[in-house]
Structure formats: structure tokens, C-alpha cells
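Accompanying notes for the structure given below.
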Amino acid sequence: MRALLVLIFCLFGVAVGATAPVVLDIGHQSTASGAATPDGSLNEYEFWCTYAGEVKSAIEEAGYPCVVLNRGMAPTKKPILAACRAAGVVQLNKPDKGAKRYPSTHYPEHIGCGMVSADHAIDLGARCVVFLHLNSTGHKWQSKPVAGLIICNRKFGSPLAERVCAAMRRELPSLSKGIKVLPRYIGSQPSAGWMNALDAAGIPAIVFEAFYVNNRTHVDFLRADANARKLARTIAAGVVDWLSQSE
Ligand SMILES: [Zn+2]
Numbered sequence: 073m074r075a076l077l078v079l080i081f082c083l084f085g086v087a088v089g090a091t092a093p094v095v096l097d098i099g100h101q102s103t104a105s106g107a108a109t110p111d112g113s114l115n116e117y118e119f120w121c122t123y124a125g126e127v128k129s130a131i132e133e134a135g136y137p138c139v140v141l142n143r144g145m146a147p148t149k150k151p152i153l154a155a156c157r158a159a160g161v162v163q164l165n166k167p168d169k170g171a172k173r174y175p176s177t178h179y180p181e182h183i184g185c186g187m188v189s190a191d192h193a194i195d196l197g198a199r200c201v202v203f204l205h206l207n208s209t210g211h212k213w214q215s216k217p218v219a220g221l222i223i224c225n226r227k228f229g230s231p232l233a234e235r236v237c238a239a240m241r242r243e244l245p246s247l248s249k250g251i252k253v254l255p256r257y258i259g260s261q262p263s264a265g266w267m268n269a270l271d272a273a274g275i276p277a278i279v280f281e282a283f284y285v286n287n288r289t290h291v292d293f294l295r296a297d298a299n300a301r302k303l304a305r306t307i308a309a310g311v312v313d314w315l316s317q318s319e
């Protein structure tokens, strides 16, 4: 009887593990599009609305379920809306106002901005969460390259972050010089409560911040559709490396 119960538990566990989705979250929202190039022609929100679907496709092609979230309302620009629809983006329809901080519904002791995405990922029983962003050091073009960051939650995120870093170094070496993993948590950054909430739920989480929209080399690269898709697939490759190692 005991052996039977163990078997049932194991089969159930495998089934749950197999269906727990990778959650991708499009950074920012239609009403606050995040960092932009100095000329305003490219911003991180629209970029990831356009290419999150490519990350998702690559993860699904490797045999893992994947869901894309966005914490704001649906985009209003037609091509951006079409890309989000094609990727099946789940709009959480709860825009954050002015980076206001609020408690997690699951772990109210953790307070941060962007918490609605973390809470939804916890609702879904996410296998891991990848927050898709582009970085910036200011409103002017900068010529000196700044090292990219893969931010992770402190307890559970670093093996996933290391895999994505390794994929970046392997696939995009000239654009990944100095790329490094950086834990983020309350204490390291006041608004980082959403990373703590995911840690509390035992969910590895990373924030992709390895490209800068005020770096001309990075932006020239990102503007070409084939390159943007290569970046999306490189992130996915790192996630899939981690998934296959953690099975
Ligand atoms: Zn951002």
C-alpha cells in the first residue's frame, strides 16, 4: 500500500512538474513603456510585446509549456496588439500607477511594484519567471559599453540566471562582454519585493537587463528583426538549458 501511495505521489509530482509553465513577463505596460532610445523610436515595452512570442515559441519547441503575461492593459498600436495576440499574451489589466508599491496577495509581508505579475505567476505555479526588460543608463547616447545584467532572486534564481548568462556569452559574445548575475531583493533595491515574493514561493526568477537602449551598438543590433529574434531565442536557450538540467 505504501509503495502504491509513493508511486501515485511520484506520478502526480511528475505530472505537476511537466505542466508547470515557464512564465515570461513583458516588462512595463502600454501606459508606461519603460526605457527608450534617446530619439524615442524604440522602447522596452514595445520591443518585448513584439518578441516575447519568439522566446515562448523556442521554449515550447523544446517541449516546455510557456505563458506570457503583461501587467497592463492591451496595447493600442495595431502591430503591437497583433504581436501580443499572436503570442497569446495574458493581459492582467492592472496597470501599476507611478511605480507604486503594494503587498503581494500571497505573501503580504513582501511589498513592491510590479507585484501583480509575481502574484499571477504564483497562481499559475510557475516553473520559473523571466521578466523581459531592456536597460538604460540615461536619456543620452552613451558610447562606453556597460556590462549587461541578469538579475535574479536571491534564494532560487542564480542557477537559472547563470544559464541565461552562459547562453548570451555563447551566442552573442561581442554583445555580452562583462555580463553578470546580480541578486535583487529588498535591501538591495527598495522596489524589489516582487523578487522576494517569488523566492518565498520557491520560484526561480530572473530579470533580463543585458541590453541598453542608449547604447548605439546594442540598438543597431536590436533594430534588425533577425537579430531581435536571435536574442529572444538565446534567452530561451538559457532557460531550456536550466530546465533540462533541473529535471
Ligand atoms: Zn524595464
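Using the working numbering, the first residue of the sequence shown is number 73, and each one after it goes up by one.
Note that beta-carbon positions come from the ideal geometry of N, C-alpha and C, so glycine has one too.
Cys-138 sits in a strand when the DSSP states are folded into three classes. Sorted by chain position, residues whose beta-carbon lies closer than 6 Å to a non-hydrogen atom of ligand 1 are Gly-99, His-100, Gly-106, Ala-107, Glu-116 and His-205. Between Gly-144 and Gln-101 a beta carbon distance of about 3 Å is seen, short of the 8 Å cut, so the two are scored as contacting. Ala-233 and Val-253 have their C-alpha atoms some 6 Å from each other. Nearest neighbour of Ala-308 by Cα position, chosen from Leu-153, Ile-251 and Arg-235, turns out to be Arg-235. In terms of Cα proximity to Trp-120, the closest of Leu-303, Ser-260, Gly-184 and Leu-315 is Leu-303. Judged by their CB atoms, Ser-105 and Cys-185 are not nearer to each other than the 8 Å cut-off.
Non-local C-beta neighbours of Thr-148 in its own chain, meaning closer than 8 Å and more than five positions away in sequence, comprise Ser-102, ordered along the chain.
In its chain, beyond the 5 residues on either side, Pro-276, Ala-277 and Ile-278 have a beta carbon closer than 6 Å to the beta carbon of Gly-229. Contact between Val-202 and Val-139 is ruled out by a C-beta separation of about 11 Å, above the 8 Å threshold. Straight across, the Cα-Cα distance linking His-178 with Ile-98 is about 21 Å. In the displayed model, Asn-268 falls within a helix according to three-state DSSP.
In this structure, the beta-carbon distance from Val-291 to Ile-131 does not fall below 8 Å. Asp-297 and Thr-122 have their C-alpha atoms roughly 10 Å apart. CA-CA distance, Gly-265 to Asp-111, rounds to 32 Å.
Take the alpha-carbon of Leu-315 and the one of Phe-283: they are about 24 Å apart. Classified as buried, Glu-116 has 16 or more neighbouring CB atoms from the shown chains inside 10 Å of its CB. Contact between Thr-289 and Met-240 is ruled out by a C-beta separation of about 15 Å, above the 8 Å threshold. Taking C-alpha positions only, Gln-163 is separated from Leu-247 by approximately 31 Å. For His-211, the closest of Pro-137, Ala-108 and Pro-167 by C-alpha to C-alpha distance is Ala-108.
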